[in-house]
Amino acid sequence: MKTLRYTFVLSAAVLALSACTQNDLADGTNLPEGEYPLVIETTGVKDAASRATVDGNWDGVTDVALQVGAEVKKYSVSASGANKESAILSSTDPFYWTSRENITVTAWWPYNAADLSMPEVKVNADQSSLENFKSSDYIYAHSDAVEFENPILEFTHRTARVTVTLVKGKGVTSLEGASVSLNGLDTEHENPASVTPYKVSDGFTYDALVAPQTIAQGAAFISVQLNGGTYSYLPDAAIELAAGSRYNYTVKVNAKGLELVGCTITDWTTKVNEEVDANADYSYNASTDTYTVFTAEGLYAWAEHVNAGNYSTNCILANDIVMPTVTEGESNWTPIHDYYHGTFDGQNHTISGIVIDESESSEVYVGLFRKLDSDGTVKNLGLVDIDIIDGYTAGGIVGYNLGVVSSCYTIGNIEGDSKAGGIVGYNFGEITSCYTTANIQGNMYTGGIVGENEDKIIACYSAGQIQGNHVVGGIAGVNFDEIMACYSTGNIKGESVPLPPMEDEHFIRDYCAGGVAGMNVGEIRACYTTGDIEGTYVGGISGVNQNPMIPEYDIRGWIRNCYWSGNCDDGVWPKYPGYMEKVGRVNTWETATASMNKALEAKNSEWRYVQGEDEILPPTLQKNQ
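Set out below in structure tokens:
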């Protein structure tokens, strides 16, 4: 929380008197009684936003209260400066310095001559006027030590500031005539249960001040009245509104209700929400380098900006995005073409109808992003009806991943030659809590989530049909590192296309396929599969559980606490079994679930399998609470 600093200095005349020698002091420590009045000058335009006013000045403040010990006195405020950003605080009956020792000072506004105690925070119910908005502010400095040589006091706000920006959503053509209220408020100290905020400008941004409090889960906290209807935002968890902080809410008004786009907590003066045109395709926040995207045109604008070399520019989806339709052989999306190292947050929205035809392209990697850098993140995003045609290394979200992909999913069709995966083509980063129902078709390495995995895949699942010509797996075509708490339920099929003859007899020339990985050289832990698998070298978990290309190094994969229920007789192809521990065909899902959870606990994983009411069905994943 940002505090607001005001400087206390003696007036010029008093400063002249204070240039005393030790002989001028009564006993070397005390100052003469009644000769050193405390006159206060407030300075610092940036920090002078002590008020909750839009302009952040001292306009409208006439008096403040100062307390030293048990005594309270009125100090008058004389605003100065072109914008009244400074002020002189003086009194006809001032406090006096009696020694050079620090004194403890408490100060507050508003001042009430009839009651010299610090008032309880009590805001106005109707803050729609600027005057009522301003007068709902309470500021104070509480028991701060003030130095004689450097008299500084720190003020903070006693209220919380809530800023609401409305944006147009589904089924709403205009926000004109909208009114906003904050509801479900704490009525302690006679505060209102509902507040009507101040409309900041001609746009759709509103400001209100409330007493510090907790908004209950499920309360109709933000309400919008529009065209005779009332729309409300009900938080799914309790909200703590702290004194001195600003809560910036962006709320989308849909015909079926309100949808929270985002909430950012900042200091008092920092406004995150931009003034948004109700019909805008996007808004841009320069302070955070973030596009908030509302339409396909807005998504294109962000992509153009990023592809111009701004690879750290963030993106937040505020709506489900529908891409324009195209004819056969055309694309409607040009992938972000270099290492992206910003954050793309879908906020659980979808992008529908992306078509990427790479048949005439020489690019190696293809997806929504061609390459994601080590500090890049893509999260909370669904790609629906995606169609990637003739990609080389293809993934629905990312072609080549060094970063983090979490809570994403794909539905549609994805084709890749070298590597193909529903989420990522070639993975050197972390993929968590993702799934795909896409149909995946590839040649060399083909997997439901990843074509080739060189890092971590955790808590993901695949339910689509997977078909390839060489190494095919339900989660990864080939795994060189870690797959944990993942499962696949779709069928896996290979065409068994022979490779040219090679001198190395250990190289597999035909198709190998597995429910989790076609080939495993890393570790597969606590995973299961239920689909049928076709191929030359097949296994319920992995077709091959070691690297057959260099057997002299005895590089073998590990499979721990994994289960399958499909058509395969073996967990892995018997000639290359690697190392297996508690791997078997499902007897009962109850037993398998217990075994997999034990393996997850051993790794201190935050994920667990949960058996549904029907014990015949396989379990699903959830995070520990």
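Counting in the numbering used here, the sequence shown runs from 2 upward without gaps.
For each residue, glycine too, the CB sits at the ideal point set by N, CA and C.
Under three-state DSSP, which class holds residue 370? The residue given as residue 370 occupies position 369 in the sequence shown. Here residue 370 sits in strand by DSSP.
If we ignore side chains and look at the alpha-carbon of each, how far apart do residue 19 and residue 163 end up? Here residue 19 refers to the residue found at position 18 when the sequence shown is read from its first residue. Here residue 163 refers to the residue found at position 162 when the sequence shown is read from its first residue. Low confidence applies to residue 19: its pLDDT is 35, below 50, so where it sits in the model is not reliable, and the reading given next is rough at best. Approximately 45 Å between the Cα atoms of the pair.
Helix, strand or coil: which one does DSSP assign to residue 318? Residue mapping note: residue 318 aligns to position 317 of the sequence shown, counting from 1. Looking at residue 318 - three-state DSSP - the assignment turns out to be strand.
List the whole-angstrom C-beta distance separating residue 574 from residue 516, where the pair is believed to meet the contact cut-off of C-beta under 8 Å. Along the sequence shown, one-based indexing puts residue 574 at 573. Along the sequence shown, one-based indexing puts residue 516 at 515. Not quite, the Cβ-Cβ distance comes to about 12 Å (not below 8 Å), so this is no contact.
Tell me whether residue 135 sits in a helix, a strand or coil according to DSSP, three-state version. Mapped onto the sequence shown, residue 135 falls at position 134. Note: residue 135 maps to helix in three-state DSSP.
If you draw a straight line from the alpha carbon of residue 369 to that of residue 237, how long is it in whole angstroms? In the sequence shown, the residue the question calls residue 369 occupies position 368. In the sequence shown, the residue the question calls residue 237 occupies position 236. Rounded to whole angstroms, residue 369 to residue 237 spans 31 Å at the Cα level.
C-alpha distance - residue 413 paired with residue 318, whole-angstrom precision: In the sequence shown, residue 413 corresponds to position 412, counting from 1. In the sequence shown, residue 318 corresponds to position 317, counting from 1. In a straight line, the C-alpha of residue 413 is about 20 Å away from that of residue 318.
Applying the 10 Å Cβ sphere with the 16-neighbour rule, what's the burial state of residue 97? Mapped onto the sequence shown, residue 97 falls at position 96. Exposed: under 16 other Cβ atoms inside 10 Å.
Cut-off 7 Å between Cβ atoms - residues of its own chain near residue 403, not counting five sequence neighbours on either side: As a working note, residue 403 is residue 402 in the sequence shown. The residues 373, 374, 375, 429 and 430, in chain order, have a CB closer than 7 Å to that of residue 403 in the same chain once the five nearest residues on each side in sequence are set aside.
To the nearest angstrom, how far is it from the Cα of residue 233 to the Cα of residue 547? In the sequence shown, the residue the question calls residue 233 occupies position 232. In the sequence shown, the residue the question calls residue 547 occupies position 546. Taking C-alpha positions only, residue 233 is separated from residue 547 by approximately 57 Å.
By alpha-carbon positions, which one of 255, 328, 611 and 326 ends up nearest to residue 227? Translated into positions along the sequence shown, residue 227 becomes position 226. For the set 255, 328, 611 and 326, the Cα lying nearest the Cα of residue 227 is the one of 255.
May I ask you to list the residues that DSSP assigns as paired with residue 109? Mapped onto the sequence shown, residue 109 falls at position 108. Bridge partners of residue 109: 66 and 141.
Nearest by alpha-carbon distance to residue 60: which of 80, 105 and 426 is it? Here residue 60 is taken as the residue at index 59 of the sequence shown, counted from 1. When each option's Cα is compared against that of residue 60, the closest is 80.
Look up residue 576 in the DSSP assignment and give the residues it is bridged to. Walking along the sequence shown from the start, residue 576 turns up at place 575. As computed with DSSP, residue 576 is found in no beta bridge at all.
With 16 other Cβ atoms within 10 Å as the buried cut-off, status of residue 434: For this step, residue 434 is matched to residue 433 along the sequence shown. Looking at its Cβ environment, which holds 16 or more other Cβ atoms inside 10 Å, residue 434 is buried.
Tell me the DSSP bridge mates of residue 440? Counting from 1 along the sequence shown, the entry for residue 440 is found at position 439. Residue 440 is bridged by DSSP to 414.
Output yes or no for whether 8 Å exceeds the beta carbon distance between residue 519 and residue 541. The count along the sequence shown starts at 1 and reaches residue 519 at position 518. The count along the sequence shown starts at 1 and reaches residue 541 at position 540. In this structure, residue 541 does not lie closer than 8 Å to residue 519 by Cβ.
Taking only the alpha-carbon atoms, compute the straight-line gap between residue 465 and residue 522 and give it to the nearest angstrom. Mapped onto the sequence shown, residue 465 falls at position 464. Mapped onto the sequence shown, residue 522 falls at position 521. Spanning the two alpha carbons is a distance of roughly 24 Å.
Is the distance from the Cβ of residue 282 to the Cβ of residue 298 below 8 Å? What you label residue 282 is simply residue 281 of the sequence shown in a count that begins at 1. What you label residue 298 is simply residue 297 of the sequence shown in a count that begins at 1. It is a contact, given that the beta carbons lie within the stated cut-off.
The alpha helix (DSSP H) enclosing residue 307, as first and last residue numbers: Here residue 307 corresponds to residue number 306 of the sequence shown, with the count starting at 1. Start and end: 297-308.
Report back the beta-carbon spacing between residue 439 and residue 397 to the nearest angstrom; my notes put them in contact at under 8 Å. Looking up residue 439 in the sequence shown gives position 438. Looking up residue 397 in the sequence shown gives position 396. Between residue 397 and residue 439 the Cβ distance is about 6 Å, and since that is below 8 Å, they are a contact.
Using a threshold of 8 Å, state whether the C-beta atoms of residue 76 and residue 92 are closer than that. Sequence index remark: in the sequence shown, residue 76 carries index 75 (1-based). Sequence index remark: in the sequence shown, residue 92 carries index 91 (1-based). With a cutoff of 8 Å on beta-carbon distance, residue 76 and residue 92 are scored as near each other.
On the CB-based measure, 16 or more other CB atoms within 10 Å of its CB, does residue 138 come out buried or exposed? In the sequence shown, residue 138 corresponds to position 137, counting from 1. Its Cβ being crowded by 16 or more others within 10 Å, residue 138 is buried.
With C-beta atoms as the reference, is residue 560 less than 8 Å away from residue 539? Taking the first residue of the sequence shown as position 1, residue 560 is located at position 559. Taking the first residue of the sequence shown as position 1, residue 539 is located at position 538. By the CB criterion at 8 Å, residue 560 and residue 539 fall outside the cutoff.
How close, in whole Å, do the beta carbons of residue 419 and residue 394 come, if the pair is a contact with beta carbons under 8 Å? To locate residue 419, count along the sequence shown from 1; it is residue 418. To locate residue 394, count along the sequence shown from 1; it is residue 393. Yes, residue 419 and residue 394 are in contact; Cβ-Cβ is about 5 Å, under 8 Å.
Per DSSP, what kind of secondary structure is residue 342 in: helix, strand or coil? Counting from 1 along the sequence shown, the entry for residue 342 is found at position 341. Residue state, collapsed to three classes: coil.
According to DSSP, simplified to helix, strand and coil, what is residue 174? The sequence position of residue 174 within the sequence shown is 173, counting from 1. Residue state, collapsed to three classes: coil.
Distance, Cα to Cα, residue 503 vs residue 527? In the sequence shown, counting from the first residue as 1, residue 503 sits at position 502. In the sequence shown, counting from the first residue as 1, residue 527 sits at position 526. The pLDDT assigned to residue 503 is 44, lower than 50, so where the model puts this residue is not dependable; a value taken from the coordinates is nonetheless given after this. One C-alpha to the other measures close to 36 Å.
Going by the CB atoms, is the gap between residue 295 and residue 316 shorter than 8 Å? For the purposes of this step, residue 316 is taken as the residue at position 315 of the sequence shown. For the purposes of this step, residue 295 is taken as the residue at position 294 of the sequence shown. Judged by beta-carbon spacing, residue 295 lies beyond the 8 Å limit of residue 316, meaning their Cβ atoms are not closer than that value.
Per DSSP, what are the beta-bridge partners of residue 568 in this structure? Residue mapping note: residue 568 aligns to position 567 of the sequence shown, counting from 1. Per DSSP, none; premise fails for residue 568.
DSSP on residue 471, reduced to helix/strand/coil? Residue mapping note: residue 471 aligns to position 470 of the sequence shown, counting from 1. In the three-state reduction of the DSSP assignment, residue 471 falls in the coil class.
If you run the structure through DSSP and keep just helix, strand and coil, what is residue 590? For the purposes of this step, residue 590 is identified with residue 589 of the sequence shown, where counting begins at 1. In the three-state reduction of the DSSP assignment, residue 590 falls in the helix class.
To the nearest angstrom, report how far apart residue 589 and residue 625 are at their CA atoms. Position 588 of the sequence shown, counting from 1, holds the residue named residue 589. Position 624 of the sequence shown, counting from 1, holds the residue named residue 625. About 23 Å.
C-alpha gap between residue 320 and residue 351, whole angstroms: Taking the sequence shown and counting its residues from 1, the one referred to as residue 320 is at position 319. Taking the sequence shown and counting its residues from 1, the one referred to as residue 351 is at position 350. If I take the Cα positions, the gap works out to 8 Å.
Output yes or no for whether 8 Å exceeds the beta carbon distance between residue 337 and residue 308. Here residue 337 refers to the residue found at position 336 when the sequence shown is read from its first residue. Here residue 308 refers to the residue found at position 307 when the sequence shown is read from its first residue. Yes.
So is residue 65 buried or exposed if we call it buried at 16+ other beta carbons inside 10 Å? Position 64 of the sequence shown, counting from 1, holds the residue named residue 65. Looking at its Cβ environment, which holds 16 or more other Cβ atoms inside 10 Å, residue 65 is buried.
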